[in-house]
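Under the working numbering, residues 12 to 214 are what the sequence shown spells out, in order.
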Amino acid sequence: MAYAKQIAALIFGLSFAAPAMAATVSCNTNIDGQPYQIFYDDAEPYYSSFRERIFSRNACPGAVVVAFLTPELTPAERQVFCSNYDARTRSHSMPAQGRRDAYGRCVEPSRTCRLVNTTRDQAMDLVGLGEEAENRTLTSRVSSTVSAVTHSSGAMVLSGNAGTITGLLSSAGAAIGAPTMLAGAAASVVVIGGAVYLCGDED
12 MAYAKQIAAL IFGLSFAAPA MAATVSCNTN IDGQPYQIFY DDAEPYYSSF
62 RERIFSRNAC PGAVVVAFLT PELTPAERQV FCSNYDARTR SHSMPAQGRR
112 DAYGRCVEPS RTCRLVNTTR DQAMDLVGLG EEAENRTLTS RVSSTVSAVT
162 HSSGAMVLSG NAGTITGLLS SAGAAIGAPT MLAGAAASVV VIGGAVYLCG
212 DED
């Protein structure tokens, strides 16, 4: 949770210019079981619907949680991510790659993602690999085990098994740290806005 705690220190809303009549409000949530108070601008329409704000009371809307966890991305770029929500524990996950509902929550359980330490050039190299895979011109030995698609947000999403995906990241020079994903499990890499996220089921 060090990544999320570092983000908390940014006081979230500092990334956004508040309209003259906007109000900074706070909400409470759990992220992977840890409590957080998030401050955000309630006038921004992309955070949630008016209905969700009313019925969630002081609980954070899903889209607010996604924005809090990805301050480096624009609202449009965040559309590739959702947040798994456990109603029993009232806890959101770290960003996940999957379809989102109107409130930013995952439509179905989705693989959680973590930011990978990469340079912009390394991110662009991964985009290039994704474009080759998408166009079926990837000639490496993993070409048959990697698929790619350009998401409507502009993100390049490369998918395969955990070994193949971590291998692609390593070949691009990304510092992925110790492997934590289940061996043989499905995994994906999301490249968006110059940032790279590794998504998978963690051990």
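Glycine residues also receive a C-beta, built at the ideal position from the N, C-alpha and C atoms.
Counterpart residues of residue i in DSSP-defined beta bridges
i: Ser182; result: In DSSP, Ser182 forms no bridge with anything.
i: Gln108; result: Phe92, Arg122
i: Ala206; result: Ile203
i: Phe50; result: Ser37
i: Ser215; result: As shown, the chain starts at 12 and ends at 214. That puts residue 215 outside it, with no answer to give.
i: Cys71; result: Cys71 is not bridged to any residue.
i: Arg116; result: Ser94
i: Leu169; result: Ala159, Val200
i: Val77; result: Looking at the DSSP assignment, Val77 forms no beta bridge with any residue, so it has no partner.
i: Asn146; result: According to DSSP, which records beta bridges pairwise, Asn146 is partnered with nothing at all.
i: Val127; result: Val207
8 Å Cβ cutoff, residue i in contact with chain D
i: Asp136; result: Chain labels in this structure do not include chain D; a single protein chain is all it has.
7 Å Cβ shell around residue i - same chain, five flanking residues per side excluded
i: Ile203; result: Leu84, Glu88, Val91, Ser164, Gly165, Ala166
i: Thr156; result: Gly171, Asn172, Thr175
Beta carbon of residue i nearer than 8 Å to that of residue j
i: Val200; j: Leu169; result: yes
i: Leu209; j: Leu179; result: no
i: Pro120; j: Asn95; result: yes
i: Ser102; j: Ile49; result: no
i: Gly211; j: Ala173; result: yes
i: Glu145; j: Ala159; result: yes
i: Met105; j: Cys93; result: no
i: Ala78; j: Asn39; result: no
i: Leu137; j: Ala183; result: yes
i: Gly44; j: Thr100; result: yes
CA nearest to the CA of residue i, picked from the options
i: Ala54; options: Ala70, Ala34, Asn39, Gln45; result: Ala34
i: Pro82; options: Tyr51, Glu143, Ser104; result: Tyr51
i: Ala74; options: Thr130, Cys117, Ala198; result: Cys117
Buried or exposed by the 16-neighbour rule on C-beta atoms within 10 Å, applied to residue i
i: Gly171; result: buried
i: Arg111; result: buried
i: Thr148; result: exposed
i: Ala198; result: buried
i: Phe66; result: The predicted model places Phe66 with a pLDDT of 49, which falls under 50 and marks its position as unreliable; any figure quoted below should be read in that light. Exposed, since its Cβ has fewer than 16 Cβ neighbours within 10 Å.
Proximal residues to residue i (C-beta, below 6 Å), its chain only, five neighbours per side dropped
i: Gly109; result: Cys93, Cys117, Ser121
i: Ala206; result: Glu83
i: Thr162; result: First, the residue type needs correcting, since residue 162 is His and not Thr in the sequence shown. Contacts found: Val91, Val168.
i: Ala98; result: none
Residues of its chain near residue i, where Cβ-Cβ distance is below 8 Å and the 5 sequence neighbours each way are ignored
i: Pro46; result: Asn39, Thr40
i: Ala196; result: Asn172, Ala173, Gly211, Asp212
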